[in-house]
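Once you know that position 164 of the sequence shown is 164 in full-length UniProt numbering, the rest is easy, because the numbers rise by one and skip nothing. Where is the CB? At the ideal position from N, CA and C, for every residue including glycine. The next block holds one structure in the form of structure tokens; read it before the comments.
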Amino acid sequence: MTATTTDPPAARPLAVPGGSRRRSGRRRQMSLLVTALAVLLACGVASVTVGSRFVAPEALWHSLFGGDRTSIDAVIVWQLRIPRTVLAVLTGAALAVSGAVLQGVSRNPMADPGLLGVNAGAALAVVLSIQLFGISTPAGYVTGALVGAAVVAALVVTFSSLGARGGRRGSGESGVTLVVAGMAVTALATAVIQLLSLRDSTTFDQLRVWQVGAVSGRDLGTLATAGPVLLVGAVLVVVTARGVDALALGDEAARGLGQRTGRTRVLAVAGVVALCGASVALAGPIGFVGLAVPHLARLLTGPDHRRVLALSAVLGPCLLLAADVVGRVVHPPSEVPVGVLTAVIGVPVLLVLARRRAVAR
1 MTATTTDPPA ARPLAVPGGS RRRSGRRRQM SLLVTALAVL LACGVASVTV GSRFVAPEAL
61 WHSLFGGDRT SIDAVIVWQL RIPRTVLAVL TGAALAVSGA VLQGVSRNPM ADPGLLGVNA
121 GAALAVVLSI QLFGISTPAG YVTGALVGAA VVAALVVTFS SLGARGGRRG SGESGVTLVV
181 AGMAVTALAT AVIQLLSLRD STTFDQLRVW QVGAVSGRDL GTLATAGPVL LVGAVLVVVT
241 ARGVDALALG DEAARGLGQR TGRTRVLAVA GVVALCGASV ALAGPIGFVG LAVPHLARLL
301 TGPDHRRVLA LSAVLGPCLL LAADVVGRVV HPPSEVPVGV LTAVIGVPVL LVLARRRAVA
361 R
């Protein structure tokens, strides 16, 4: 009799669904970024071509690459439209990224540079620079706005820590007191701005359009003045991105993950101050960009703070460029300031996002 042996079946490799999900998430994130960059490119082209004088695609090509800088179209493109477009891109990215950082640091979805008083502090410092010191240069505006933003940020953080003292660590109480302190400081700064501007007609005239928020009337030299400050703010935000992800879990959880919460929070707020101070000095206190854009980015890409930052840095310029283009054509030959349009666009978007989040819960 011949004995028969049965070999055990070969073991099948175990599937790793987690790795597949991670690869799928990375592909989705990349497709979102590519789509957002394509929209940004389209908005940039529209910003350069659309206005009181339309620049045809052929004329735009010759102005950019033809070497002729003396034609009317070339002068419009290089001296008016390109600086305006670059300013809108930088300001939109700075405000959107600042809003995302503040929402992560404070663990409050309503956190925004405007709501936390940074914009109002920068604006107050610019008004004081105009009235008390007669400063009228872009470099002076940037310096004053940075000082004002830093002072207000320090006050808000101090009041917030005093108000939250005695509360349970890691709770959402510190985030609430941060917003309340910011609202109080904003109200005070706004009242002082109105008082100073009404006392002096020259200050009022210089402040009237700037305070609404506009990206017109700037040249590349003005942008170069604020460029280093924006770069420093961007570096600080990128360096603290992983730490802000941990802060979103609460201070105790972040410390358990090895994060130095105080250092991370200070560096992140310093980055926000640099970004907001420079953008407010250049374009004025433009609202709702830092509030609505991070919500949209988070809805598209999930809660990962680094992904939210990357997408916000692209969606913010898209919103600001679109608002600026609409402001040029909605009431010709005059223009509607971009700050008005961002409020008109941002409020409905924010309401829709809030409604969707409520339904999702």
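Own chain residues within Cβ distance below 7 Å of residue i, not counting five before or after
| i | result |
| --- | --- |
| residue 362 | Residue 362 lies beyond the range of the chain shown here (1 to 361); nothing can be said about it. |
| V192 | L124 |
| Q29 | T301 and R307 |
| R53 | I76 |
| V336 | G327 and V330 |
| G140 | S129 |
| G182 | L115, L116, G117 and V156 |
Inter-residue Cα distance where the pair is residue i and residue j
| i | j | result |
| --- | --- | --- |
| V293 | L102 | 13 Å |
| A189 | R208 | 16 Å |
| S197 | V127 | 8 Å |
| G67 | A74 | 9 Å |
| L257 | A246 | 7 Å |
| G26 | R307 | Here residue 26 turns out to be Arg, not Gly, going by the sequence shown. Each residue's Cα considered, the two are about 10 Å apart. |
| S63 | P57 | 10 Å |
| C90 | L311 | First, the amino acid is wrong: residue 90 is Leu here, not Cys. C-alpha separation (whole angstroms): 14 Å. |
| L32 | G250 | 29 Å |
| L236 | L40 | 24 Å |
| M110 | A254 | 21 Å |
| S334 | A38 | 29 Å |
| D205 | P303 | 43 Å |
| G148 | R23 | 44 Å |
| F65 | V55 | 14 Å |
| R169 | V34 | Note that R169 scores a pLDDT of 46, beneath 50, so its modelled location is shaky; the value from the coordinates is reported in the next line. In a straight line, the C-alpha of R169 is about 40 Å away from that of V34. |
| A145 | A278 | 7 Å |
| N119 | T158 | 17 Å |
| L282 | T85 | 13 Å |
| V352 | D112 | 18 Å |
| C276 | A153 | 11 Å |
| A214 | G134 | 22 Å |
| V280 | A187 | 17 Å |
| P332 | T70 | 26 Å |
| L195 | A297 | 38 Å |
9 Å Cβ cutoff met for residue i and residue j
| i | j | result |
| --- | --- | --- |
| G284 | V212 | yes |
| H295 | R242 | no |
| L319 | T301 | no |
| G339 | A94 | no |
| L230 | A274 | yes |
| S201 | V180 | no |
| A88 | A313 | no |
| A270 | G227 | no |
| V142 | G117 | no |
| L350 | L299 | no |
| V289 | G92 | yes |
| S98 | V347 | no |
| V238 | L132 | no |
Close-in-space but distant-in-sequence residues of the same chain around residue i (CB under 8 Å, 5 per side omitted)
| i | result |
| --- | --- |
| G172 | Reliability of the predicted coordinates at G172 is poor, the pLDDT of 48 falling under 50, and the value obtained from them is presented with this limitation in mind. Result list for G172: R107 and N108, in chain order. |
| V151 | G121 and A125 |
| R355 | none |
| A248 | G104, R107, P303 and H305 |
| L36 | Going by the sequence as given, residue 36 is Ala instead of Leu. Around A36: L311, V314, L315 and C318. |
Own chain residues within Cβ distance below 6 Å of residue i, not counting five before or after
| i | result |
| --- | --- |
| G114 | G287 |
| A268 | V101, V105, T240 and V244 |
| C43 | C318, L321 and A322 |
| L178 | S106 and S160 |
| A46 | V325 |
| residue 368 | Outside the displayed range of the chain (1 to 361) lies residue 368, so it cannot be described from this structure. |
| Q259 | G243 and A246 |
| I72 | none |
Proximity test, residue i beta-carbon vs the ligand NAP heavy atom, cut-off 8 Å
| i | result |
| --- | --- |
| A268 | As for the ligand NAP, it is missing from this structure, which has no ligand bound. |
Within-9 Å CB hit, residue i to chain B
| i | result |
| --- | --- |
| A322 | Among the chains in the structure shown there is no chain B, since it carries only a single protein chain. |
Does the pairing of the segment 258-268 with the segment 81-93 give three or more beta-carbon distances under 8 Å? no
Are at least three pairs of beta-carbons, each pair with one atom in the segment 320-331 and one in the segment 218-225, less than 8 Å apart? no
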